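S.K.: Just dropping this structure here.
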Amino acid sequence: PYERPALSKAYLFPESPARLPGFHVCVGSGGERLLPDWYKEKGIELILSTEIVEADLPAKRLRSAHGKIYNYQTLIIATGSTVIKLSDFGVQGADAKNIFYLREIDDADQLVEAIKAKENGKVVVVGGGYIGLELGAALRINNFDV
């Protein structure tokens, strides 16, 4: 696990960029790192990369794509959001190499490579939410006009 908002700033720093395994979610203001042992100490079973295909809500039971059954007391669904891409609207040229989306580490890696390849220039950030603003700040730090 990692903080998605940090992908838009610390991950893009030109000097000493944050990278896994030292780049993790932090809890509260104490900066406590959420390594696998942290979850165990808190009695949390961390299950990653698992597709749930069936939910039996009255029985409080989930079934994975591989057939494994998970019983629960409380179910919290926190799926996040999905990137809306220009290609979703049939925009011509949506596959251009100078159009980037930022949702996952792979997206941030592509953006880092583009930043390194073009040491300055002009960038438009579409999206004025937290991640868009952090991305704009990171691009300014990397000497881009935003």
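Residue numbers (the working numbering): 8 to 153. Quick reminder that beta carbons are idealized off the backbone N, C-alpha and C, glycines included. Since we're looking at a predicted model, the values are computed, not measured.
1. Going by the DSSP bridge assignment, what does A62 pair with across the sheet?
2. Measuring straight from C-alpha to C-alpha, what distance separates V60 and K75?
3. Which of helix, strand or coil does DSSP assign to D102?
4. Taking the continuous beta strand (DSSP E) assigned at Y46, which residues delimit it?
5. Is the Cβ-Cβ distance between I122 and N105 less than 8 Å?
6. Suppose you measure from the CA of Y46 to the CA of I54; what does that come to, to the nearest Å?
7. So I76 is in the beta strand (DSSP E); what residue range does that whole segment cover?
8. Taking 7 Å as the limit between beta carbons, can you name the residues of its chain near F1, skipping five residues before and five after?
9. Out of curiosity, what's the CA-to-CA distance linking D152 and D102?
10. CA-CA distance, N78 and E111?
11. By the three-class DSSP mapping on this structure, what secondary structure does K129 have?
12. Is it true that the CB of L142 sits closer than 8 Å to the CB of L109?
13. Considering only the alpha carbon of each residue, which of R70, G136, A66 lies closest to E58?
M.R.: Walking through what the data contain:
1. Beta-bridge pairing links A62 to L69.
2. Each residue's Cα considered, the two are about 10 Å apart.
3. D102: coil per DSSP, three-state reduction.
4. Looking at the DSSP string, Y46 is not in any beta strand (DSSP E); the run it does join, the alpha helix (DSSP H), is 43 to 48.
5. In terms of Cβ geometry, I122 and N105 do not form a close pair [threshold 8 Å].
6. Roughly 11 Å between the two C-alpha positions.
7. Start and end: 76 to 78.
8. Outside the displayed span of the chain (8 to 153) sits residue 1, for which this structure offers no information.
9. One C-alpha to the other measures close to 23 Å.
10. In a straight line, the C-alpha of N78 is about 29 Å away from that of E111.
11. Strand at K129.
12. In terms of Cβ geometry, L109 and L142 form a close pair [threshold 8 Å].
13. Residue R70 is the option with its Cα nearest to E58.
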